[in-house]
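Only one structure is covered here, and it is reproduced in the block below.
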Amino acid sequence: MASADSDLHTEEVAENKRNNGQLKGRKVSWAKLYRVDSLNLEAGKVSNSLAGHASKDDWKTILSLAFQSVGVIYGDLGTSPLYTIQSTFTEKIGDKNDILGVLSLIIYTIFLVPMTKYVFTVLWANDNGNGGAFALYSLICRHAKVSLIPNQEPEDRELSRYGLDIPSNQFRRAQNIKHKLENTKFARLFLVFLAILGTSMVIGDGIITPSISVLSAVSGIKPLGQEAIVGVSVAILVALFCFQRFGTDKVGYSFAPAICIWFCLISGTGMYNLFKHDVSVLRAFNPKYIFNYFKRNGKKGWLSLGGVILCITGSEAMFADLGHFSVRSVQISFSCLVFPSILSAYIGQAAYLTKFPENVGNAFYASVPDPLYWPTFVVAVVAAIIASQAMISGAFSIVAQAQSLGCFPRVKVIHTSAKHEGQVYIPELNYFLMVACVVVTLSFKTTGNLGNAYGICVVSAELITTNMVTLVMLLIWKISIWRIILFYVVYVTIESTYLSAQLTKFVQGGFLPLAFSFVLVIIMGIWHYVQKHRYEFELKNKVSSDYITDLAKNPDIKRVPGIGLLYSELVQGIPPIFPHFVSNIPSVHSIIVLVSIKSIPINKVALEERFLFRHVQPREYKVFRCVVRLGYNDQLGKPEEFENQLVEHLKEFIRDEYYILAAHADQVADREIEPAVSGQLVAGNSSRVYTEEELEQQVDSRVSSAGSIRSMNTSAAQSNHSSNRIQMVPPSLEEVEVMQFVEKAKEQGVFYLLGEAEVVTKQDSSFLKKFVVNYAYNFLRKNFRQGEKVMAIPRTRLLRVGMTYEL
Numbered sequence: 001m002a003s004a005d006s007d008l009h010t011e012e013v014a015e016n017k018r019n020n021g022q023l024k025g026r027k028v029s030w031a032k033l034y035r036v037d038s039l040n041l042e043a044g045k046v047s048n049s050l051a052g053h054a055s056k057d058d059w060k061t062i063l064s065l066a067f068q069s070v071g072v073i074y075g076d077l078g079t080s081p082l083y084t085i086q087s088t089f090t091e092k093i094g095d096k097n098d099i100l101g102v103l104s105l106i107i108y109t110i111f112l113v114p115m116t117k118y119v120f121t122v123l124w125a126n127d128n129g130n131g132g133a134f135a136l137y138s139l140i141c142r143h144a145k146v147s148l149i150p151n152q153e154p155e156d157r158e159l160s161r162y163g164l165d166i167p168s169n170q171f172r173r174a175q176n177i178k179h180k181l182e183n184t185k186f187a188r189l190f191l192v193f194l195a196i197l198g199t200s201m202v203i204g205d206g207i208i209t210p211s212i213s214v215l216s217a218v219s220g221i222k223p224l225g226q227e228a229i230v231g232v233s234v235a236i237l238v239a240l241f242c243f244q245r246f247g248t249d250k251v252g253y254s255f256a257p258a259i260c261i262w263f264c265l266i267s268g269t270g271m272y273n274l275f276k277h278d279v280s281v282l283r284a285f286n287p288k289y290i291f292n293y294f295k296r297n298g299k300k301g302w303l304s305l306g307g308v309i310l311c312i313t314g315s316e317a318m319f320a321d322l323g324h325f326s327v328r329s330v331q332i333s334f335s336c337l338v339f340p341s342i343l344s345a346y347i348g349q350a351a352y353l354t355k356f357p358e359n360v361g362n363a364f365y366a367s368v369p370d371p372l373y374w375p376t377f378v379v380a381v382v383a384a385i386i387a388s389q390a391m392i393s394g395a396f397s398i399v400a401q402a403q404s405l406g407c408f409p410r411v412k413v414i415h416t417s418a419k420h421e422g423q424v425y426i427p428e429l430n431y432f433l434m435v436a437c438v439v440v441t442l443s444f445k446t447t448g449n450l451g452n453a454y455g456i457c458v459v460s461a462e463l464i465t466t467n468m469v470t471l472v473m474l475l476i477w478k479i480s481i482w483r484i485i486l487f488y489v490v491y492v493t494i495e496s497t498y499l500s501a502q503l504t505k506f507v508q509g510g511f512l513p514l515a516f517s518f519v520l521v522i523i524m525g526i527w528h529y530v531q532k533h534r535y536e537f538e539l540k541n542k543v544s545s546d547y548i549t550d551l552a553k554n555p556d557i558k559r560v561p562g563i564g565l566l567y568s569e570l571v572q573g574i575p576p577i578f579p580h581f582v583s584n585i586p587s588v589h590s591i592i593v594l595v596s597i598k599s600i601p602i603n604k605v606a607l608e609e610r611f612l613f614r615h616v617q618p619r620e621y622k623v624f625r626c627v628v629r630l631g632y633n634d635q636l637g638k639p640e641e642f643e644n645q646l647v648e649h650l651k652e653f654i655r656d657e658y659y660i661l662a663a664h665a666d667q668v669a670d671r672e673i674e675p676a677v678s679g680q681l682v683a684g685n686s687s688r689v690y691t692e693e694e695l696e697q698q699v700d701s702r703v704s705s706a707g708s709i710r711s712m713n714t715s716a717a718q719s720n721h722s723s724n725r726i727q728m729v730p731p732s733l734e735e736v737e738v739m740q741f742v743e744k745a746k747e748q749g750v751f752y753l754l755g756e757a758e759v760v761t762k763q764d765s766s767f768l769k770k771f772v773v774n775y776a777y778n779f780l781r782k783n784f785r786q787g788e789k790v791m792a793i794p795r796t797r798l799l800r801v802g803m804t805y806e807l
């Protein structure tokens, strides 16, 4: 009889799983989740939400994003014909065959880097539609435990958009790499360093790009003196950064028409020059002219690569800005408009220079036909100003990612589009970039000086992307090793060669991006280091759950009306700040929720998966633990909205909990299971001891049953067997009372309890650690946004208590 019941129960579990499609494909045992206190009930509810930029987007949306991307991403890349050839030929053209050599270099550099590498390879290494160094880092963190702050915990992996395919055992290469990464501290440190350095380079690029673009545009007005050019450039830069608050959506639609006209003009001018002056320059598509060029010029040819690299400035923006658009939209806009237009522009300039090599110092404007000169000049000024938009938007995206992963001090992230989740604006960063651009423009004054710094930023960011995408190929894509080797060797060789040529200009201005990067790496590194140790301190000093039991028995502790939200970074256990609150204020609210806002290395967490709840014993004391899981593109919203969401999910958790308790009580009455020592499941006042296999079946059944009850989507066979025991259980009086109690507490007010933790080092710590923690970190914490400002907590409902963390 027991065997028959067991078989029948197994069939129930299987049927429940089939009906509840959201639980299919689970790799992690619910029993194991329960044993590690992982808030397994809520973790079992998984949405069918799609990724941020799903492949099912309609073509109207894709084409709309493609149009916007023209105005946001390609301004820098599209205006490179203004200065690339004259920057390459810094002296007179000695041999006309050098024109073919440089043109061949430009053609294949554009084809290999922006087109082949970024558009058709790197863009696919996105994190649910988001690009950039930290998107790559978070993608790697989801497939290997390499994050310095613990990741891949059970409540992380059960997200519908977190749990990608784990490398299987049949791919030994991926498994070996994963094992080495997880067990080598240097590899983990180096990975986060690469992500931080790549982010710093893009931010540095976001400073230099506006400065050089605006200066190059305004300097075309010949009657103006240098000081006047600098003054006009500063005024334009200030106006440009003030425009950023309107968001990428409006900026894109505003700028896209001007950039489209620009691409039409440069491609038309290029074709005109090609057919009028010298069609034979098309021979440059033969790569032999590259070898002949280096053979003829030697070291001089190698140094000229510092000018050639300017033809692909802005390529990294295609990946960094991906969160604002989509893979398909960027592929369409680049392949159909940008690529043919800029190739036509360079080919036309080369054809013109074969007849008029003496005009190389002003090759672009000299090659424009007289009737189109002034229209082209006006559009060029507008396009060059717009060129800075790409890296500004990219800087916003990657800083938002870095902050959510604990690698950047708190800043305000504003989502500027309800339709496209990756479009963000950061006021503090916007003003910082504006001030930095103005200072750089006033200091360097000419595009020649800035050009020496520009290439280092570009090629360094691209080299970092190459290394991280190669790791993604090895660990996640698991493609042929020969394809990976070919990708790595080709692009590391190209980018290292360009970087070596750029580094020769270190003294002439190349130090600027490295100086910016050094400062940003220090800031981000210090923040991440202390955040990691803060988390470890709380983990080591967490309070036992018995503390709540003792608190419930203490008659001196008063209960006050309302819901108290106590914030902590801990996911497990009672945070050490809670006893500190109680000791200073001997009262607690009628409902206490220990809230942990946890950043997950994905771009967005569906609302139905965001809140994980669990009761803290004793149940009657009404203390709950809640993990709020946020992706790096998520926002908490206004306090009222967040409170409503939290309370609704709390009530849903209570309803499910009572269903499970009722189901468990009936199952205990129906079945007798022999004791074992694998695990113990407690429900109400009764406790049973189960084998690990039985425990997994029990928890699986309860989670599935709770979901089936809500959906009322069960089969007839299941209904005949279990409707009397589970589905027809009406709400108990106790459940109704608890729900009413929660609603009443919400009406009485939701109050926020924040611990003001001062972080200091121990007395015997080294001088360096004391400087980093006691001075540098605390300076950053006090001068960036505080926690209540980031979460927009009303001051009238905020209570703070200080505590010292000794690291």
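Residue 1 is where the sequence shown starts when you use UniProt numbering, and the numbers rise one by one after that.
Where is the CB? At the ideal position from N, CA and C, for every residue including glycine.
Coarse secondary structure for residue i, derived from DSSP in three states
{"i": "Val560", "result": "strand"}
{"i": "Ile591", "result": "strand"}
{"i": "Glu495", "result": "helix"}
{"i": "Asn467", "result": "helix"}
{"i": "Arg800", "result": "strand"}
{"i": "Ile236", "result": "helix"}
{"i": "Asp321", "result": "coil"}
{"i": "Asp634", "result": "coil"}
{"i": "Ile414", "result": "strand"}
{"i": "Val146", "result": "coil"}
{"i": "Tyr83", "result": "coil"}
{"i": "Ile574", "result": "strand"}
{"i": "Asp278", "result": "coil"}
{"i": "Gly755", "result": "strand"}
{"i": "Phe120", "result": "coil"}
{"i": "Asn286", "result": "coil"}
{"i": "Lys56", "result": "Low confidence applies here, because Lys56 scores a pLDDT of 41, under 50, leaving its location unreliable; read the following figure in that light. Three-state DSSP puts Lys56 in coil, outside helix and strand."}
{"i": "Asn130", "result": "strand"}
Candidates the options, of which the one nearest residue i by Cα
{"i": "Phe751", "options": "His615, Asn783, Val560", "result": "Val560"}
{"i": "Gly455", "options": "Phe511, Ile236, Asp764, Val382", "result": "Phe511"}
{"i": "Tyr567", "options": "Ala552, Phe624, Val521, Pro357", "result": "Phe624"}
{"i": "Leu565", "options": "Pro639, Ile342, Ser69", "result": "Pro639"}
{"i": "Leu240", "options": "Val202, Ala133, Cys437, Gly129", "result": "Cys437"}
{"i": "Ala195", "options": "Ile464, Leu486, Phe364, Leu646", "result": "Ile464"}
{"i": "Lys553", "options": "Asn783, Ser344, Tyr621", "result": "Tyr621"}
{"i": "Ser216", "options": "Tyr365, Gln403, Phe356", "result": "Tyr365"}
{"i": "Asn430", "options": "Gly451, Ala461, Val459, Ser397", "result": "Ser397"}
{"i": "Glu358", "options": "Lys770, Lys782, Phe89", "result": "Phe89"}
Residue i burial status per 10 Å Cβ neighbour count (16 or more: buried)
{"i": "Asp95", "result": "exposed"}
{"i": "Pro371", "result": "exposed"}
{"i": "Phe263", "result": "buried"}
{"i": "Asp278", "result": "buried"}
{"i": "Leu486", "result": "exposed"}
{"i": "Arg173", "result": "exposed"}
{"i": "Ala515", "result": "exposed"}
is_contact[residue i, chain C] using C-beta, thresh 8 Å
{"i": "Ser443", "result": "Among the protein chains of the structure shown there is no chain C, as only one such chain exists."}
Close beta carbons around residue i, own chain, < 8 Å, minus the five adjacent residues each side
{"i": "Ala745", "result": "Pro561, Gly562, Ile563, His589, Ser590, Ile591"}
{"i": "Ser544", "result": "Gly573, Ile574"}
Other residues of its chain near residue i: CB distance less than 7 Å, five sequence neighbours each side excluded
{"i": "Val738", "result": "Ile654"}
{"i": "Gly225", "result": "none"}
{"i": "Val382", "result": "Ala258"}
{"i": "Thr109", "result": "Val308, Cys311, Ile312"}
{"i": "Pro794", "result": "Pro639"}
Sheet register partners of residue i (DSSP bridge)
{"i": "Glu806", "result": "Val760"}
{"i": "Lys598", "result": "Arg629"}
{"i": "Ser267", "result": "In the DSSP output, where bridge partners are listed per residue, Ser267 has none listed."}
Residues near residue i in its chain [Cβ-Cβ closer than 6 Å; skip 5 each side]
{"i": "Glu758", "result": "Thr804"}
{"i": "Phe294", "result": "Gly301"}
{"i": "Glu657", "result": "none"}
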